[in-house]
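Notes to accompany the following structure.
Numbering (this note's numbering), first residue to last: 275 to 401.
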């Protein structure tokens with residue numbers, strides 16, 4: 275029997291890139307991960323959970339549940355929210371929330387730098 279390579283799919287197009295997707299779990303719950311850090315950054319940018327959720331194409335309920343997981347996993351909350359009213363409320367990151375973003379992004383950058391030779395070698399194997 276002659277072994278032949280499988281044909282390459284034409285569906286995969288574009289330049290390959292490497293993304294580190296670190297997750298920190300607490301009791302099998304993802305306390306910090308890429309989606310949660312993206313959400314924190316969006317809250318910092320937009321000043322509200324609903325606007326942040328819309329910018330990430332996420333439901334408000336999903337964003338709220340993710341924030342509950344983050345806040346319950348931390349010693350101090352990452353986000354503080356004021357309920358609507360005359361001034362329509364809003365959400366802000368606490369110093370701990372800012373630290374989560376800063377540290378997560380630093381770990382991503384350092385992991386990428388530490389593996390740069392291996393990343394280059396891997397990318398050479400891809401189309």
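Just so it is clear, CB atoms sit at the ideal spot from N, CA and C, and this is done for glycine as well. Nothing here was measured: the structure is a model prediction, and the numbers come from that model.
Leaving aside the five residues that flank residue 298 on each side, the residues in its chain whose CB is nearer than 6 Å to its CB run, in chain order, 305, 306.
With contact defined as three or more Cβ pairs closer than 8 Å, the region 339-356 and the region 303-322 are in contact. Residue state for residue 292 is assigned as coil, using DSSP reduced to three classes.
CA-to-CA, the gap between residue 371 and residue 365 works out to about 12 Å. In this model, residue 380 and residue 336 are separated by some 26 Å (Cα to Cα).
In the structure shown, residue 301 falls within a coil segment according to DSSP collapsed to helix, strand and coil. Residue pairing by DSSP places residue 355 opposite 365 in a beta bridge.
Here residue 326 is buried: its Cβ has 16 or more other Cβ atoms, across all protein chains shown, within 10 Å.
By the neighbour-count definition (other C-beta atoms within 10 Å, threshold 16), residue 341 is a buried residue. 7 Å or more divides the Cβ of residue 290 from the Cβ of residue 399. In the DSSP annotation of this structure, residue 287 is not part of any alpha helix (DSSP H), being labelled neither H nor E. The alpha-carbon of residue 277 is positioned some 30 Å away from that of residue 292. CA-CA distance, residue 369 to residue 344, rounds to 14 Å.
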